[in-house]
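One structure is given here, and the rest of the page talks about it.
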Amino acid sequence: MAATGWYLGKRGDGSSNAVWVDLHLGLRRVHGTTGTDGHDGCHLQAQQFPTLAVKCPPMSEPPLSERDVCTKLITPAVERAGWDIQSQVREEVSLTAGKVMVRGQLVARGKAKRADYVLYLKPNLSLTVIEAKEPNHRVGDGMQQALEYAEMLGVPFAFSSNGAGFLFGDRTGQASKVEAELKLDQFPKGAAYRGRNP
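In numbering that gives the first Met the number 0, the protein residues as written are 0 to 197.
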């Protein structure tokens with residue numbers, strides 16, 4: 000089995016041998032010594048070294064996916080704003096099944112259009128859509144898509160978010176500002192929102 004662990008650098012006693020902490024065996028290996036364990040000249044010794052002078056670097060976390068942004072950032076922000084997740088919020092709402100494409104004898108269906116969120120003021124009265132993007136996108140990169148979905152649903156408002164905040168879009172033509180950037184904790188309140196510009 001291949002060795003898996005962290006390379007920690009020099010031992011605390013100042014010697015030049017590098018220390019390897021094996022995650023499987025819970026042992027430390029000193030590189031540069033005669034091998035007795037069959038691992039490229041590494042000599043296994045169980046927890047016999049002084050305190051290490053070099054700290055382990057923090058393990059980097061993988062970047063958030065779009066679904067992570069929804070689950071960990073957008074949904075909590077919407078819920079904190081007073082929207083009832085069970086009755087006022089729907090996720091992954093299918094808008095179209097995808098265009099059917101025919102090429103000779105082959106028939107295929109294109110990509111379906113699906114809104115990440117649709118928010119309802121009350122049952123059967125949708126108010127806005129939210130389009131989510133990964134954190135490496137700008138906060139407003141999903142606005143064009145959100146506006147398209149808002150038009151398909153006939154709702155007056157649209158939001159785009161990358162998890163860092165929201166870009167609000169007003170389709171009513173009555174607001175002084177067509178777009179407004181909001182912080183994550185500034186999402187419009189569910190109980191008080193009645194179609195006003197936030």
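Each residue gets a CB set at the ideal place from its N, CA and C atoms; glycine is no exception.
Here DSSP, grouped into helix, strand and coil, assigns Leu63 to coil. Around the Cβ of Ala163, a 10 Å sphere holds fewer than 16 other Cβ atoms; the residue is exposed.
Non-local beta-carbon contacts of Leu72 in its own chain, meaning distances under 6 Å to residues more than five positions away in sequence, involve Gly162 in chain order. Apart from the 5 residues on each side of it in sequence, Val117 sits with its Cβ closer than 6 Å to the Cβ of Arg89, Val92, Ser125, Val128 in its chain, given in chain order.
Between Ala157 and Leu146, the C-beta gap is smaller than 9 Å, which places the two residues in contact. Excluding sequence positions up to five before and after Gly168, its CB lies within less than 8 Å of the CB of Met142, Ala145, Leu146, Ala149, Phe156, Ala157, Phe158, Ser159, Val177, Glu178, all in the same chain and listed in chain order.
Under the three-state reduction of DSSP output, Thr70 falls in the helix class. Beta-carbon to beta-carbon, Gly139 and Leu120 are separated by about 24 Å, too far to satisfy the 8 Å threshold. Excluding the 5 residues flanking it on each side, Leu152 has same chain C-beta neighbours closer than 6 Å at Ser125, in chain order. Per DSSP, the unbroken alpha helix (DSSP H) holding Ala145 starts and ends at 142-152. The straight-line gap separating the alpha-carbon atoms of Arg79 and Lys110 is approximately 33 Å. Sorting Glu133, Arg102, Val77 by C-alpha distance to the C-alpha of Glu65 places Glu133 at the top. Here Arg79 carries a helix assignment [DSSP, helix/strand/coil].
Distance check between Ile84 and each of Arg102, Leu105, Pro122, Gln185 places Pro122 closest, using alpha-carbon atoms only. Counting every other CB atom within 10 Å of its CB across the protein chains shown gives Asp115 a total of 16 or more, marking it as buried. In summary, Val101 is exposed, with fewer than 16 beta-carbon neighbours lying within 10 Å of its beta-carbon over all protein chains present.
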